[in-house]
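The next block holds one structure in the form of structure tokens; read it before the comments.
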């Protein structure tokens, strides 16, 4: 077994000051996510200003269904990251290399499947969501073009998962920044100069994804260490694929099931008409900045725990959980509070002068932004448990507490005429965040007690062998 090498640019997760390292590691992750959302927001802003309310509603209506379809394969990147993190923590270079060379063909195959499914079935999915007639044509066009970029999208996500597991969060940030600037420029050119409306926005997204995928693969091919990618060694290794699936498939299913509840909620929002859809889409995009900032702590917790699990450092695992929860509460309160405080000004960027749509956006943000830190705590606990290699546990809890609860709520309580309001629709979010966190916390302590017992037995056996 070869000893894993570390470079100066990578964060050392298994030694050194944890609190500082988590912050340093998380900031580029946070900036990466925020930049990604800024570029996505640019899509909505450009199409909203130059295409109108129907165009922004059309793009916004696709988010939930796109996530539902894509999350299953994006979830496998969680398995890639955890597998690489654990192998690096255990200094198993051969296993790390096999994981890297398995991830690329998996991304290529997964991207091809998504492209075919999205291109063929987009109108059907949108019809199931009760997308209004005045919006569905534009939404279908946007989705069909968007799904043509799935291969580069998965390649970037899998490559970024590898680098982050190795402690490098800066290079994914640089590549996304470069691709994002290109995306914005292409948006302006396609929508304003060529008047392609939603088709131009989708086309700009595809081209920028191709750039980010090229940059990250180029880096992996030139880097030194066990996670270097050599194209001629590309091969699906059974053991590593099994690990991807064991950790990543539950994560992907969790994301897809989560999206199912969001699709149902989006369908319920669609029933109120295009004005509500526009306000809801703009608010959801703004809320995304808070979520993505908090999600950086989810990824940090997962990768730090993964490497320390490989190194058999359960003492540091406990500290990772404590620090990540503290950080995510502060992040959620600051970002969520500021978003709600400046809600009117922010929404006016997306739907300028449309006071009716803005009022509906503010209504949603009142239920989402202020208690959003609860969602952050829930996500951090999910990442911690995944880093421990128990990906099935958060999937089951999330499906039961979030997906089932929200669906039952919508088809029972929300159907009562006096409760058939947007307020009673949005209240399901904070309720389910609390329920899910409590269950995850209980499961974490059960898992840690079991792992502590295994470590004590392992230590006793080593002591006997030494004697």
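Numbering (the numbering used here), first residue to last: 52 to 518.
Just so it is clear, CB atoms sit at the ideal spot from N, CA and C, and this is done for glycine as well.
The structure presented is a predicted model; accordingly, all values stated were derived computationally and were not measured.
The ligand GDP heavy atom lying under 6 Å from the CB of residue i
i: residue 431; result: The ligand content of the structure shown is nil, which means the ligand GDP is not present either.
Backbone CA spacing between residue i and residue j [nearest angstrom]
i: residue 498; j: residue 108; result: 44 Å
i: residue 450; j: residue 147; result: 31 Å
i: residue 421; j: residue 391; result: 7 Å
i: residue 288; j: residue 407; result: 55 Å
i: residue 519; j: residue 344; result: For the chain, the structure presents residues 52 to 518; residue 519 sits outside this window and is missing.
i: residue 141; j: residue 361; result: 5 Å
i: residue 11; j: residue 281; result: A query on residue 11 cannot be resolved here, the shown segment of the chain reaching from 52 to 518 and no further.
i: residue 185; j: residue 298; result: 41 Å
i: residue 211; j: residue 349; result: 15 Å
i: residue 586; j: residue 79; result: Residue 586 lies beyond the range of the chain shown here (52 to 518); nothing can be said about it.
i: residue 247; j: residue 197; result: 14 Å
i: residue 133; j: residue 118; result: 22 Å
i: residue 151; j: residue 226; result: 19 Å
i: residue 144; j: residue 278; result: 8 Å
i: residue 94; j: residue 252; result: 6 Å
i: residue 271; j: residue 209; result: 11 Å
i: residue 25; j: residue 347; result: The chain is shown only over 52 to 518; residue 25 falls outside these bounds and no answer can be derived.
i: residue 401; j: residue 191; result: 21 Å
i: residue 110; j: residue 364; result: 46 Å
i: residue 397; j: residue 204; result: 28 Å
i: residue 206; j: residue 86; result: 19 Å
i: residue 461; j: residue 472; result: 11 Å
i: residue 373; j: residue 295; result: 27 Å
i: residue 99; j: residue 242; result: 10 Å
i: residue 273; j: residue 102; result: 43 Å
i: residue 492; j: residue 445; result: 10 Å
i: residue 464; j: residue 368; result: 41 Å
i: residue 376; j: residue 496; result: 15 Å
i: residue 221; j: residue 91; result: 20 Å
i: residue 256; j: residue 386; result: 26 Å
i: residue 425; j: residue 64; result: 26 Å
i: residue 405; j: residue 440; result: 48 Å
i: residue 487; j: residue 283; result: 44 Å
i: residue 507; j: residue 447; result: 29 Å
i: residue 175; j: residue 254; result: 21 Å
i: residue 52; j: residue 275; result: For residue 52, the predicted structure reports a pLDDT of 40, less than 50, and the residue's modelled location is therefore unreliable. The matter cannot be settled from this model.
Outcome for residue i when other beta-carbon atoms lying within 10 angstroms are tallied against a minimum of 16
i: residue 149; result: buried
i: residue 72; result: buried
i: residue 286; result: exposed
i: residue 244; result: exposed
i: residue 62; result: buried
i: residue 331; result: buried
i: residue 67; result: exposed
i: residue 240; result: exposed
i: residue 311; result: buried
i: residue 293; result: exposed
i: residue 503; result: exposed
i: residue 403; result: exposed
i: residue 317; result: buried
i: residue 135; result: buried
i: residue 163; result: exposed
i: residue 155; result: buried
i: residue 313; result: buried
i: residue 366; result: exposed
i: residue 501; result: exposed
i: residue 260; result: buried
i: residue 468; result: exposed
i: residue 474; result: exposed
i: residue 291; result: buried
i: residue 338; result: buried
i: residue 509; result: exposed
i: residue 171; result: exposed
i: residue 167; result: exposed
i: residue 459; result: exposed
i: residue 516; result: Reliability of the predicted coordinates at residue 516 is poor, the pLDDT of 40 falling under 50, and the value obtained from them is presented with this limitation in mind. Result: exposed.
i: residue 116; result: buried
Nearest-angstrom Cβ-Cβ length linking residue i and residue j, presumed shorter than 8 Å
i: residue 302; j: residue 84; result: Contact doesn't hold; Cβ gap of about 17 Å is too wide.
i: residue 105; j: residue 325; result: 6 Å
i: residue 76; j: residue 231; result: Not a contact, Cβ separation roughly 21 Å.
i: residue 193; j: residue 249; result: 4 Å
i: residue 165; j: residue 120; result: 7 Å
i: residue 334; j: residue 427; result: Actually they are not in contact, since the Cβ atoms of residue 334 and residue 427 sit about 18 Å apart, beyond 8 Å.
For the pair the region 168-181 and the region 225-238, tell me if three or more CB-CB distances fall below 8 Å. no
Could you say if the region 307-326 and the region 151-159 meet the contact criterion of at least three C-beta pairs nearer than 8 Å? no
Are three or more beta carbon pairs between the region 430-450 and the region 352-360 nearer than 8 Å? yes
Measuring CB atoms only, is the region 374-393 touching the region 409-423, in the sense that at least three cross pairs come out at less than 8 Å? yes
For the region 261-270 against the region 207-223, do three or more pairs of beta-carbon atoms, one drawn from each stretch, fall closer than 8 Å, so that the two count as touching? yes
Is the region 445-460 close to the region 477-488, with three or more CB pairs under 8 Å? Output reads yes: the region 477-488 touches the region 445-460.
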